[in-house]
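Taking it in order: structure first as structure tokens, then the write-up.
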Amino acid sequence: MSYLLAPSILSADFANLQRDVEMINGSKADWFHVDIMDGKFVPNISFGFPVIKAIKKHAKKPLDVHLMIVDPDRYLQAFKEAGADILTVHIEACPHLHRTIQAIKALGMQAGVALNPHTPANLLSEIIADIDLVCVMSVNPGFGGQKFIPGIYPKVRQLKEMIAASKSSAKIEIDGGVSLDNATALLQAGADVLVAGNTVFSAKDPVQMIADLKKIQ
Ligand code: DX5
Ligand code: ZN
């Protein structure tokens with residue numbers, strides 16, 4: 289079972305961002321996961337457009353941008369211009385989700401929808417066929433390095449069934465607390481993409497940790 293690994297830049301060393309971006313370029317990782325937090329949708333502020341542009345300047349792999357912000361519609365074009373390849377919005381922040389997804393795709397990006405841990409999978413039933421990615425939050429969004437919430441496994445399995453039944457091509461991404469301990473179970477439950485922040489960047493040898501994670505079947 290081959291899957292995609294997306295190290296989360298939130299856990300990088302921001303004083304050595306180019307070094308860390310090049311480390312990921314030279315590793316077996318597939319995407320850059322880029323967390324945008326506004327201090328309103330989540331209780332933390334991460335970084336904005338200048339930093340995304342700086343990452344894009346050096347990145348040789350797609351930018352998977354995860355928006356944890358209210359009213360994301362205001363900024364879709366700006367995220368495209370900053371370099372997003374995949375743009376994910378939270379269902380909890382989008383009253384007109386269908387319109388938002390269409391706008392992301394019209395800008396030439398892949399469209400993702402993220403679900404907070406308490407948000408049920410079936411809220412996606414009418415939109416699953418239109419999206420490229422479902423991001424299942426396995427921590428409450430806002431911070432790196434949090435403890436994985438095991439209650440998300442049934443949701444991953446349910447999403448897998450919904451995707452097959454609707455002939456959707458959406459990938460299932462797991463975001464938060466992913467490690468060597470839970471990666472196998474997550475892939476067996478149906479995950480296609482694993483995000484890993486702390487596990488990669490706090491490892492003694494991040495390139496080796498990425499290779500070890502990618503070896504998991
Ligand atoms: C959490 C972010 C995650 C985070 C993952 O709000 O959306 O992407 O960076 O970090 P770890 O892998 O450390 O839980
Ligand atoms: Zn994220």
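Residue 289 is where the sequence shown starts when you use our numbering, and the numbers rise one by one after that.
Cβ atoms here follow ideal geometry from the backbone N, Cα and C, with glycine treated the same way.
Would you mind reading off the limits of the alpha helix (DSSP H) that contains residue i?
i      : result
Cys484 : The amino acid occupying residue 484 in the given sequence is Ala; Cys does not appear at that position. No alpha helix (DSSP H) holds Ala484; the beta strand (DSSP E) holding it covers 481 to 484.
Cys366 : Note that residue 366 is Ala in the sequence shown, not Cys. Run containing Ala366: 364 to 370, per the alpha helix (DSSP H) assignment.
Which residues in the same chain have their Cβ closer than 7 angstroms to the Cβ of residue i, if we skip the five residues on either side of it in sequence?
i      : result
Tyr291 : Leu475, Ala479, Asp480, Val481, Leu482
Arg445 : Ala477, Gly478
Ile416 : Met450, Ile451, Ser454, Ser456, Ala458
Asp500 : Leu468
Ala300 : Asp308, Phe489
Lys443 : Ala409, Val424
His386 : Ile415
Just to confirm the assignment, what range does the beta strand (DSSP E) spanning residue i have?
i      : result
Gln496 : No beta strand (DSSP E) holds Gln496; the alpha helix (DSSP H) holding it covers 494 to 503.
Asp352 : 351 to 356
Pro295 : 292 to 295
Quick one: what's got a C-beta closer than 8 angstroms to residue i's C-beta in the same chain, skipping five residues either side?
i      : result
Ala366 : Phe337
Ala342 : Leu305, Gln306
Val328 : Residue identity differs from the one stated: residue 328 is Lys in this sequence, not Val. Closer than 8 angstroms at the Cβ level, and outside the excluded window around Lys328, lie Ile357, Val358.
Pro405 : Met425, Ser426, Val427, Asn428, Ile437, Gly439, Ile440
Residues in its own chain within less than 6 angstroms of residue i by CB, not counting five upstream and five downstream?
i      : result
Ser315 : Val495, Ile498
Leu447 : Ala409, Val422, Ile460
Lys393 : Ala399
Gly430 : Val330, Pro331, Asn332
Gly485 : Ser296, Leu298, Ser299, Gly432
Threshold first: 3 residues or longer. Then list the beta strand (DSSP E) segments lying entirely within the segment 306 to 338, N to C. Contiguous beta strand (DSSP E) elements confined to the segment 306 to 338 occur at 320 to 325, taking only those with 3 or more residues.
Let me have the residue list for the ligand ZN: C-beta closer than 5 angstroms to any non-hydrogen atom, ordered along the chain. Here the list is Asp323, His354, Asp463.
Enumerated in chain order, which unbroken segments of the alpha helix (DSSP H) with a length of 4 residues or greater are wholly contained in the segment 439 to 476? For the segment 439 to 476, the full-length alpha helix (DSSP H) segments reaching 4 residues or more read 441 to 453 along the chain.
Per the contact definition of three or more C-beta pairs closer than 8 angstroms, is the segment 335 to 350 in contact with the segment 464 to 472? With a cut-off of 8 angstroms, the segment 335 to 350 and the segment 464 to 472 do not count as touching, because too few Cβ pairs lie within range.
Check whether the segment 379 to 393 and the segment 344 to 354 touch, using three or more Cβ-Cβ pairs below 8 angstroms as the test. No: the two stretches stay apart, fewer than three of their Cβ pairs being nearer than 8 angstroms.
At 3 residues or longer, what runs of the beta strand (DSSP E) sit wholly inside the segment 377 to 452? Residue ranges of uninterrupted beta strand (DSSP E) with 3 or more members, entirely inside the segment 377 to 452 and ordered along the chain, are 398 to 403, 421 to 425.
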